[in-house]
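Numbering (the working numbering), first residue to last: 102 to 234.
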């Protein structure tokens, strides 16, 4: 749920920047995105051989974050060389959609993974077994 809220806030800020474009300092885009790219690739690639499903999920998440950081770096170059500040809110919309899609996918996969073991199903199974005996 928190990730959906974050995606909505990013989307709101992007819409505001579409309405009132502001100059973008591409240097800070490069610095923050480069740190994100390096850290996510380092951690993601370092953990990629693990067999644990939770670690594999985290690695996929880190690779997705690294791709978003790479997109921001490319966007920074576009802004730097063309002056198209509109690239910033466009990237924000794309990142918000990426976050929302990842959160939704995580939510549905978690529901499917835990669905058979939920409290409701546990009590249904136990009541069925008790009433039969």
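All C-beta atoms in this analysis are idealised placements derived from N, C-alpha and C, irrespective of residue type, glycine included.
Among 158, 174, 132, 125, the one whose alpha carbon lies nearest that of residue 204:
The residue from 158, 174, 132, 125 with its alpha-carbon nearest to that of residue 204 is 158.
So, residue 142 versus residue 172, is the Cβ gap smaller than 8 Å?
No; because the gap between Cβ atoms is not below 8 Å, this pair is not in contact.
Tell me which residue opens and which closes the alpha helix (DSSP H) that residue 185 is part of.
For residue 185, no alpha helix (DSSP H) encloses it, and the DSSP letter there is neither H nor E.
Is DSSP giving residue 149 helix, strand or coil here?
Correct three-state label for residue 149: coil.
If residue 200 and residue 138 are in contact, beta carbons under 8 Å, what's the gap, nearest whole angstrom?
Your pair residue 200 and residue 138 does not check out as a contact, with CB atoms roughly 17 Å apart and the cut at 8 Å.
Is it buried or exposed for residue 124, if we count other Cβ within 10 angstroms and need 16 for buried?
In the assembly as shown, residue 124 is an exposed residue. Its beta-carbon has fewer than 16 other beta-carbons within 10 Å.
In chain order, what residues of the same chain have a beta carbon less than 7 Å from the beta carbon of residue 188, not counting five sequence neighbours either side?
If you ignore the 5 residues before and after residue 188, its C-beta comes within less than 7 Å of the C-beta of 176, 179, 180, all in its own chain and listed in chain order.
Taking the C-alpha atoms as reference points, what is the distance between residue 121 and residue 113?
Their backbone Cα atoms lie some 12 Å apart in a straight line.
Of the residues 126, 145, 162, which one's Cα is nearest the Cα of residue 174?
Closest option to residue 174, Cα to Cα, is 126.
Hey, could you find the ends of the alpha helix (DSSP H) residue 114 is sitting in?
Counting along the chain, residue 114 sits inside the alpha helix (DSSP H) bounded by residues 103 to 120.
May I have the straight-line CA-CA distance separating residue 116 from residue 166, to the nearest angstrom?
The alpha-carbon atoms of residue 116 and residue 166 are separated by roughly 22 Å.
Counted within 10 angstroms of its Cβ, other Cβ atoms place residue 160 as buried (16 or more) or exposed:
Residue burial annotation: residue 160 is buried, with at least 16 other C-beta atoms found within 10 angstroms of its C-beta.
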